[in-house]
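One rule links them: number in this note's numbering = place in the sequence shown (from 1) + 397.
Structure record follows, encoded as structure tokens.
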Amino acid sequence: TELKGHIGSFTAKINTPSGQKEIHCGAIVIASGSHHGSNGKTKVFNNSSTIHLSELKKACAALPRFKKIRSIGIILDLDIDETKASTEAALLIAKELQERERVQVYLFCRDMRVAALGLEKLYDEARDGGVNIVKYEGKLQLSAGGETGAGAETGAEAGIEKPKPVELSYRDSVLQQDTSAACDLVGISACGISSAADPVLAELTAISTDLLGQLQDNNIHLFPEQTNRPGIFVVGACRGQYYLPQIAAEAKTTASAVHSLLKDGSMEVELSNAVVDEDKCILCLTCVRSCPHHAMEVDREKGTAVSIPEVCQKCGICAGECPAKAIQLPVYSDDVLLSLI
């Protein structure tokens, strides 16, 4: 419910079944998962033949048995590019359906991500088993289709209700032409619809998010598990990573980083953090708002802004944004920079 402090000295208030507790800690690891379909994009599931990928095997087994081959579609990357975890799940389901059920499986994706141990072998097995991999680009449209040739007349004679086929319209990225396909049943990966982390948690911890609402904004200066706030780490689906081997590797890296940070009970801090000139500071809070690492705060006794040495990353944003020119970086002060010009 509340988080204060900084690396080495966080204070968190949490709600528990036995009441509110206050926890003091030196580091925080967020592994909260994500909320699929929370942005309303699940409206594509507009009939009983368009379902979540996780339900596809059960739904396929329940289809009425007709004489002709059923067409089953699996869709990845519907709104966003997914990870290797989705590729692995889709290939496993497609391979099983192709082998055990009398169906033809079409796997629609923007790209086939198989750069991981065992994934390329799984891809080859699925292709050899008859799974049709279709790569598309742009927007894939789903709508109620016509007959799919799955023996509709046989089902009608047997008095069985026909499933409503789904028409998929897309642009084939290999053939570079618009085309369409009709499937009796379509399973859509939830990871390709929404992968936003809990926005309340992101705001509470002041962790930057990317354009998809995932924790940890894409930043070339940060390792995967690090965030804009030193001492706070993120692991797993809350930052858009779903592939279990990669999550395990990042979890070990995070555990190692936390251990290195806390094992001695003390921190070495380089005292070259931003310095505020008390006479020039007008307490406009520009530096507090602009610092992405939350290294600037207000010293109420002095009535000026100050930087926190343990948190400051010496990026210079506060010095560049300060309208009163009241902030300097000791190593890169105005005098030092001017002397180099």
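Glycine included, each C-beta is placed from N, C-alpha and C at the ideal position.
Looking at the DSSP output, Asn412 bridges to Gln417.
If you draw a straight line from the Cα of Cys681 to the Cα of Phe630, it comes to about 30 Å. Judged by pairs of C-beta atoms under 8 Å, the region 497-511 touches the region 465-475, as three or more such pairs exist. Between Val511 and Asn529 a beta carbon distance of about 16 Å is seen, past the 8 Å cut, so the two are scored as non-contacting.
Between the region 651-664 and the region 586-596, the count of Cβ pairs shorter than 8 Å is below three; the stretches do not touch. Under the 8 Å Cβ criterion, the region 605-623 does not count as touching the region 414-422, having fewer than three qualifying pairs.
Per DSSP, the continuous alpha helix (DSSP H) segment holding His656 begins and ends at Leu641 to Leu659. Per DSSP, reduced to three states, the secondary structure at Ile714 is helical. The C-alpha of Gln710 is placed about 21 Å away from the C-alpha of Thr408. Put simply, of His449, Asp607 and Ile644 the residue whose alpha carbon is nearest the alpha carbon of Gly470 is His449. Setting aside the 5 residues that flank it on each side, Gly527 is surrounded in the same chain by Gln495, each with a C-beta closer than 6 Å to its C-beta; the list follows chain order.
Distance check between Lys699 and each of Cys688, Ser669, Val673 and Cys715 places Val673 closest, using alpha-carbon atoms only.
For Pro727, the CB contacts under 7 Å within the same chain, skipping 5 residues up- and downstream, are Ser669 and Val672 in chain order. In the DSSP assignment, Val528 falls outside any beta strand (DSSP E), carrying neither H nor E. Between Ile705 and Ala716, the C-beta spacing is not below 7 Å. Beyond the five residues adjoining it in sequence on each side, Val695 comes within less than 8 Å, by CB distance, of Leu680, Leu682, Val685, Thr701, Ala702 and Val703 in the same chain, given in chain order. Residue Lys410 holds the alpha-carbon nearest to the alpha-carbon of Ile420 among Lys410, Val426, Ser429 and Ile427. Around the CB of Lys492, 16 or more other CB atoms lie within 10 Å, so the residue is classed as buried. Ala652 and Leu609 have their C-alpha atoms spaced approximately 26 Å apart. Nearest to Val571 by C-alpha distance, out of Ile644, Val583, Gly633 and Glu534, is Glu534. Relative to Tyr729, the option among Asp521, Cys712, Glu718 and Cys719 whose CA is nearest is Cys712. Nearest Cα to Thr484 within the set Pro720, Tyr640 and Cys719: Tyr640.
Just measuring C-alpha positions, the residue of Leu489, Leu582 and Asn615 sitting nearest Ala523 is Leu489. The secondary-structure analysis by DSSP pairs Val695 across a beta bridge with Ala702.
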